[in-house]
Amino acid sequence: MIEFKKYLPIGSVVLLKNANKRLMIYGRLQKAEDSDSVRDYIGCLYPEGNISTKQTYMFDHDQIERVYFVGFQDPEEFEFVDKYLNEGNNGK
186 MIEFKKYLPI GSVVLLKNAN KRLMIYGRLQ KAEDSDSVRD YIGCLYPEGN
236 ISTKQTYMFD HDQIERVYFV GFQDPEEFEF VDKYLNEGNN GK
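Remember, the numbering used here sits 185 above the position in the sequence shown when you count from 1.
So, in structure tokens, the structure goes:
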């Protein structure tokens with residue numbers, strides 16, 4: 186199995202621990218509306234997609250049990266990760 190420290194790219198499909206439905210990641214370093222906490226990811230149901238704000242899930246990397254698909258990566262993604270998401274720059 187491939188190990189990712191942080192962060193999976195947008196479009197990655199994962200299964201969380203103790204879950205039976207996969208999620209597709211569509212955002213990273215998301216601030217919860219009801220608190221000051223910042224979560225690693227926000228995802229929507231897969232394959233349904235973002236059908237409702239009530240069907241979105243915020244979660245952290247350590248909650249991921251399995252990665253089914255790694256999202257698109259190119260030089261722009263790598264630059265973004267280096268600039269904004271590497272340890273120490275993520276605001277957590």
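Think of the CB as a built atom: it goes at the ideal place given N, C-alpha and C, for glycine as much as any other residue.
What number of angstroms, rounded off, separates the C-alpha of residue i from the C-alpha of residue j?
i, j, result
"G276", "L230", "Any reading at G276 needs caution, since the residue's pLDDT is 48, under 50, leaving its predicted position unreliable; the model's value is listed next. Each residue's Cα considered, the two are about 26 Å apart."
"Q287", "T241", "The structure shown does not extend to residue 287, since the chain is modelled only from 186 through 277, so no value can be given for it."
"E264", "L270", "10 Å"
"F257", "I195", "7 Å"
"G212", "R224", "10 Å"
"M209", "F244", "12 Å"
"N205", "F254", "16 Å"
"Q215", "S222", "8 Å"
"Y266", "N203", "Looking at the sequence provided, one finds Val at residue 266 rather than Tyr. One C-alpha to the other measures close to 28 Å."
"V252", "E262", "18 Å"
"L200", "P260", "27 Å"
"H246", "R207", "14 Å"
Which residue marks the beginning of the alpha helix (DSSP H) containing residue i, and which one marks its end?
i, result
"F254", "Here F254 belongs to no alpha helix (DSSP H); instead the beta strand (DSSP E) covers I249 to F254."
For residue i, is the classification buried or exposed, using 16 other Cβ atoms within 10 angstroms of its Cβ as the cut-off for buried?
i, result
"Y192", "buried"
"S197", "buried"
"I236", "exposed"
"Y226", "buried"
"G228", "buried"
In the DSSP assignment, find the unbroken beta strand (DSSP E) run with residue i in it and report its ends.
i, result
"F265", "Here F265 belongs to no beta strand (DSSP E); instead the alpha helix (DSSP H) covers P260 to F265."
"D225", "V223 to L230"
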